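S.K.: FYI, this note's numbering numbers position 36 of the sequence shown as 37, with every residue one higher than the one before it.
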Amino acid sequence: MKITSAEFIKSAFAPEHYPTDQLPEIAFLGRSNVGKSSLINSLLQRKGLARTSNTPGRTQSINFFLINGSFYFVDLPGYGYARVSKSMRSDWGEMAETYLSSRPQLALLIQLIDARHEPTALDRQLNDWIVHNGAPRLVVATKSDKLSANNLRKSLKIISDGLGAEDLVAYSSEKGTGRDAVWKRIAAVL
Ligand code: GTP
Ligand code: MG
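What follows is the structure in structure tokens.
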């Protein structure tokens, strides 16, 4: 897909702040620090559009980016960051769940899993929710550049078995590996 424009539109904490123009949305979900914001920047080839950080918990609101004036990328806050307070953790659940269950225009959920790790309990919980709700989903294994080809192959198998995911894309935001495959899926749902 040719990207002619990509702009940050707004940060939302509650449904009344979500965009109201009904355009299709592609949402990025995964644990804190897994590489959601980096994936968004890499797909758009815009370095600082979504803010990234070494510190987990960087993205704490739901951020909407308008692409080509015709659909949104939605950067959701990461889950499972142990060092935020209990109340913030349940805020996450509430914020994400409210978003996920109230957007008929949600065209695709991109679920990110760190290629180096097995899916966590929270990854599985989210997976169960997605399967239960029949939401269209693509699993992306991030930071694939950190593994050898052999270990990456083993990891992808563990992740796809663990989540029962048929299609899985190995991605590196550093190198751009996987970009075409992810765009292909996005284009198909749009
Ligand atoms: P939160 O907003 O805190 O939930 O994190 P996030 O999921 O948005 O992660 P973010 O994109 O901020 O990336 C976290 C860290 O991982 C940053 O230091 C990134 O540079 C690094 N990172 C992300 N993707 C990759 C990748 O594909 N390869 C490598 N080597 N590092 C990556
Ligand atoms: Mg982020």
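Ideal placement from N, C-alpha and C gives every residue a C-beta, glycine not left out.
Because the structure is a prediction, the values reported are computed rather than measured.
(1) In whole angstroms, what separates the C-alpha of residue 4 from that of residue 128?
(2) Alpha carbon to alpha carbon, what distance is there between residue 190 and residue 43?
(3) Return helix, strand or coil for residue 173, following the three-state DSSP convention.
(4) Determine, using beta-carbon pairs with one atom in the stretch 115-129 and one in the stretch 69-78, whether at least three such pairs fall under 8 Å.
(5) Touch check for the stretch 3-21 and the stretch 29-47: three-plus C-beta pairs under 8 Å?
(6) By Cβ distance, which residues of its chain are closer than 7 Å to residue 25, with the 5 residues on each side in sequence left out?
(7) Considering only the alpha carbon of each residue, which of 23, 148 and 165 lies closest to residue 175?
(8) Rounded to whole angstroms, how far is the Cβ of residue 172 from the Cβ of residue 123, which I believe are closer than 8 Å?
(9) Kindly identify the DSSP beta-bridge partner or partners of residue 28.
(10) For residue 66, is the classification buried or exposed, using 16 other Cβ atoms within 10 angstroms of its Cβ as the cut-off for buried?
(11) Cβ of residue 152 versus every heavy atom of the ligand GTP: is any distance shorter than 6 Å?
(12) Would you tell me roughly how many angstroms separate the C-alpha atoms of residue 50 and residue 14, rounded to the nearest one?
M.R.: Reading it off the structure:
(1) Cα to Cα, the separation comes out at about 30 Å.
(2) A direct Cα-Cα distance of roughly 20 Å separates residue 43 from residue 190.
(3) Three-state DSSP puts residue 173 in a strand.
(4) Two segments are said to touch when three or more pairs of C-beta atoms, one from each, lie closer than 8 Å; by this definition the stretch 115-129 does not touch the stretch 69-78.
(5) Yes, the stretch 3-21 is in contact with the stretch 29-47.
(6) For residue 25, where only same-chain residues beyond five positions count, the Cβ hits under 7 Å are 72, 106, 108 and 191.
(7) Of all alpha-carbon atoms in 23, 148 and 165, the one lying nearest the alpha-carbon of residue 175 is that of 148.
(8) In this structure residue 172 is not in contact with residue 123, their Cβ atoms being roughly 20 Å apart against a cut-off of 8 Å.
(9) Paired residue(s): 75 and 110.
(10) Here residue 66 is buried, its C-beta having at least 16 other C-beta atoms within 10 Å.
(11) Because no heavy atom of the ligand GTP lies under 6 Å away, the Cβ of residue 152 does not count as near it: no.
(12) One Cα belongs to residue 50, the other to residue 14, and the distance between them is close to 19 Å.
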